[in-house]
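Just so we're aligned, residue 1318 is where the sequence shown starts under the working numbering, counting upward by one.
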Amino acid sequence: MREFQGRVVVPGAAKAEALVTTKGFNTLASFQKSLMKSDLRAICSDQNNPDLFGKALAGKAICLPRTIGSTTGGMVLYCASAMGAAPACLLFSEPIDSLAAAGAILSDVWTESSLPTVDSLGEDFLEYVKEGMLIEVMEDGIVRVEG
């Protein structure tokens, strides 16, 4: 097991299986088809992200460097949370952008589901974590990776 310390953006605890991308995560492209079809598995529909394409995002610990794409990204995260199709948590190796932060915060405030979000975990985090590893997020921004 290895621990990483990050900055808490949205507080909360989570324990979930890791999904990892080393590319920017386009929230609109990733969630769009699932949101339109009310697919609670939230199958990633972003063909430009081969790390995640075709994989279920709901309930997973999404490990990523940054988000990219549309200015609707924050609202997409909020909508995924509102319909019960959100990831278990978002774990950024880099500092979070304002749009993703807004979506995670709105999810926490306006829905009954929490979207614990930690950023600035560092490059070592993304180099270490692999898909399928068990991730545990603590309230203080410590992220434990088992595997």
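Quick reminder that beta carbons are idealized off the backbone N, C-alpha and C, glycines included.
With DSSP as the reference, identify every bridge partner of residue i, one or two as the case may be.
i, result
"Ile1385", "Asn1343"
"Thr1338", "Partner(s): none; Thr1338 has no beta bridge."
"Glu1465", "Residue 1465 lies beyond the stretch modelled for the chain, which goes from 1318 to 1464, so this question has no answer here."
Any idea what DSSP makes of residue i, helix, strand or coil?
i, result
"Phe1321", "strand"
"Cys1380", "strand"
"Ala1327", "The sequence shown places Val at residue 1327, rather than the Ala named in the question. Val1327 falls in the strand class under three-state DSSP."
"Ala1399", "helix"
"Glu1440", "helix"
Tell me which residues share the same chain as residue i and place their Cβ nearer than 6 Å to its Cβ, disregarding the 5 neighbours each side in the sequence.
i, result
"Ile1379", "Leu1336, Pro1404 and Leu1407"
Assign residue i to one of two classes, buried (16 or more other C-beta atoms within 10 Å of its C-beta) or exposed (fewer than that).
i, result
"Ala1330", "exposed"
"Lys1377", "buried"
Quick one: is the Cβ of residue i within less than 6 Å of any heavy atom of the ligand PLP?
i, result
"Lys1447", "Absence of the ligand PLP is noted for the structure shown, with no ligands found whatsoever."
Within the same chain, show all residues whose beta-carbon is closer than 7 Å to that of residue i, passing over the 5 residues directly before and after it, in chain order.
i, result
"Arg1319", "Tyr1445 and Val1462"
"Cys1361", "Ser1347, Leu1369, Phe1370, Gly1371, Lys1372 and Leu1374"
Continuous beta strand (DSSP E) assignments of at least 3 residues falling wholly in the region 1404-1438: Whole beta strand (DSSP E) segments, 3+ residues: 1406-1409 and 1434-1436.
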